[in-house]
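For the sequence shown, UniProt numbering gives the first residue as 1, with consecutive numbering after it. Below is one structure, written out as structure tokens, with a few remarks after it.
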Amino acid sequence: MHLFRTTRSIIRYLRNIIDALRNLFCRRSEVKGEVPRGLAIERQAREVETVLDAVRALTHSASRKYQNEVWARTLSFLLNSADLLLADPLSPEEMGMRVGSRVVDTLFDLWFHAVLNEEIPSPTYWRTLAALCRRW
Numbered sequence: 001m002h003l004f005r006t007t008r009s010i011i012r013y014l015r016n017i018i019d020a021l022r023n024l025f026c027r028r029s030e031v032k033g034e035v036p037r038g039l040a041i042e043r044q045a046r047e048v049e050t051v052l053d054a055v056r057a058l059t060h061s062a063s064r065k066y067q068n069e070v071w072a073r074t075l076s077f078l079l080n081s082a083d084l085l086l087a088d089p090l091s092p093e094e095m096g097m098r099v100g101s102r103v104v105d106t107l108f109d110l111w112f113h114a115v116l117n118e119e120i121p122s123p124t125y126w127r128t129l130a131a132l133c134r135r136w
């Protein structure tokens with residue numbers, strides 16, 4: 001029973017972290033008197049790239065015991081993150097223009113790795129991916 005609680009708490013911890021990291025991909029409005037917009041976008045872009053690298057590493061190195069949950073959470077996170085950046089029309093100085101292609105590249109890379117590792121996304125994920133790609 002102790003092992004079950006530990007497994008559940010690890011999965012809950014993973015969910016909480018990934019849900020919190022999703023906020024990093026949201027567009028930020030410019031606040032007068034704060035960091036200049038270009039600098040803020042550059043900082044956020046570096047943070048996004050760091051998160052993408054960490055998510056990719058986590059997904060590839062996760063224990064076999066947690067693979068199903070990690071793949072599902074990672075793909076859902078990347079679908080949502082890409083949509084946050086790319087859904088609305090973009091101006092050249094926005095985050096989506098700066099890191100959108102990197103997010104999509106990571107999404108497709110991990111998507112194909114999931115398929116190759118027989119962690120094939122469910123039909124719901126495929127429908128979501130198709131709908132989002134049409135919108136982007």
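Ideal Cβ positions, reconstructed from N, Cα and C, are used throughout, including at glycine.
Beta-carbon gap between residue i and residue j smaller than 8 Å
| i | j | result |
| --- | --- | --- |
| Asp53 | Leu132 | no |
| Phe77 | Val55 | yes |
| Gln39 | Thr74 | Just to set this straight, residue 39 is Leu in the shown sequence, not Gln. For Leu39 and Thr74, no; Cβs fall outside 8 Å. |
| Arg22 | Asn80 | yes |
Host alpha helix (DSSP H) of residue i (start-end)
| i | result |
| --- | --- |
| Val99 | Met95 to Leu116 |
| Asn68 | Gln67 to Leu86 |
| Leu58 | Arg37 to Ser61 |
Neighbourhood of residue i by C-beta distance below 7 Å, restricted to the same chain and skipping five residues each side
| i | result |
| --- | --- |
| Glu42 | none |
| Arg135 | Ala87 |
| Ala72 | none |
Residue i, DSSP secondary structure in three states
| i | result |
| --- | --- |
| Cys133 | helix |
| Arg28 | coil |
Residues near residue i in its chain [Cβ-Cβ closer than 6 Å; skip 5 each side]
| i | result |
| --- | --- |
| Arg45 | Per the sequence shown, residue 45 should be read as Ala rather than Arg. Counting only Cβ-Cβ distances below 6 Å, and skipping sequence neighbours, we find Arg98 and Val99. |
Under 8 Å: do the segment 114-126 and the segment 60-75 share three or more Cβ pairs, one atom per stretch? With a cut-off of 8 Å, the segment 60-75 and the segment 114-126 count as touching, because enough Cβ pairs lie within range.
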